[in-house]
């Protein structure tokens, strides 16, 4: 089974090399890596092109000008260029564990009804003796959507391997600058039966720490995007339970409060 890995990037040539290497070094070899640049400088683009030209299954694209700038547009565009039966999203500063694809693909080969294979992440500190710190509080659940909603069980964007047929439309909201993966995961979970999800309780993805990330910049805009993601889920999700609807409404109020508070502070 061919796995398409979609990686947006923007002026990160100093970090993306390690991310690409973590794909090249996979124990599972039937993959393609689709790198979509979000408007990097010419120098940065040339550096990444040199990396991508070393392998025939690494493809480099530029985000078309007609698309909204941002990683979400790049991810959607990368999906449109993918040829694989399976899809994995990956950030350009993070890493796959060496046997990530092997472990997750094997699930799809055995369990034909699975649409989503969960996998977990760890924070990776290259400047602190490569220390690993587990990301999720829990890796078991009897109600995956409800536990995901309250962050009891969590996966990074590259933790999940998806059946491509699961995506009927572009999965990412282009104008959302954070909480985009939370929203995408939430919406997709509401469309998936429990027995179509396989919960692989292994760390398959490493989130690099020690440099600036958008998600670490708390501001009024940050909390507004948190609010917006939950508002979209509240409007679009079908057949939410009373408890899930109440929890979502509570989060809407909290993030609206923080949006206003940080706006006033500014």
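Numbering (this note's numbering), first residue to last: 13 to 278.
Yeah, the Cβ is synthetic: ideal placement off N, Cα and C, and Gly gets one too.
Asked                                                                                                    : Found
Beta-carbon proximity of residue 174 to residue 128, cut-off 8 Å                                         : yes
Candidates 72, 37, 55 and 97, of which the one nearest residue 108 by Cα                                 : 37
Three or more C-beta pairs below 8 Å linking the stretch 181 to 196 and the stretch 82 to 92             : yes
Collapsed DSSP secondary structure at residue 271 in the structure displayed                             : helix
Cα-Cα separation, residue 205 to residue 267                                                             : 29 Å
Residue 90: first and last residue of the uninterrupted alpha helix (DSSP H) it sits in                  : 83 to 93
Test item: CB-CB of residue 219 and residue 136 under 8 Å                                                : yes
Cβ pair residue 48, residue 29 closer than 8 Å                                                           : no
Exposure label - residue 254; buried when at least 16 CB within 10 Å                                     : exposed
Extent of the continuous beta strand (DSSP E) run through residue 137                                    : 128 to 137
Contacting residues, own chain, Cβ-Cβ under 7 Å from residue 269 (five flanking each side not counted)   : none
Residue 265, DSSP secondary structure in three states                                                    : helix
The stretch 175 to 186 touching the stretch 85 to 100, judged by at least three CB pairs closer than 8 Å : yes
Residue nearest to residue 230 in terms of C-alpha spacing, selected from 274, 14, 133 and 33            : 274
CB of residue 46 within 8 Å of CB of residue 18, strictly                                                : yes
Any alpha helix (DSSP H) of 4 or more consecutive residues that is wholly inside the stretch 19 to 52    : 25 to 36
According to DSSP, residues forming a beta bridge with residue 15                                        : 43 and 98
CA nearest to the CA of residue 259, picked from 163, 131 and 60                                         : 163
Per-residue DSSP class, three states only, for residue 237                                               : helix
Proximity test, Cβ basis, 8 Å: residue 145 and chain C                                                   : Of the protein chains in this structure there is only one, and it is not chain C.
Cβ distance (whole Å) where residue 92 is taken to contact residue 60 below 8 Å                          : Actually they are not in contact, since the Cβ atoms of residue 92 and residue 60 sit about 20 Å apart, beyond 8 Å.
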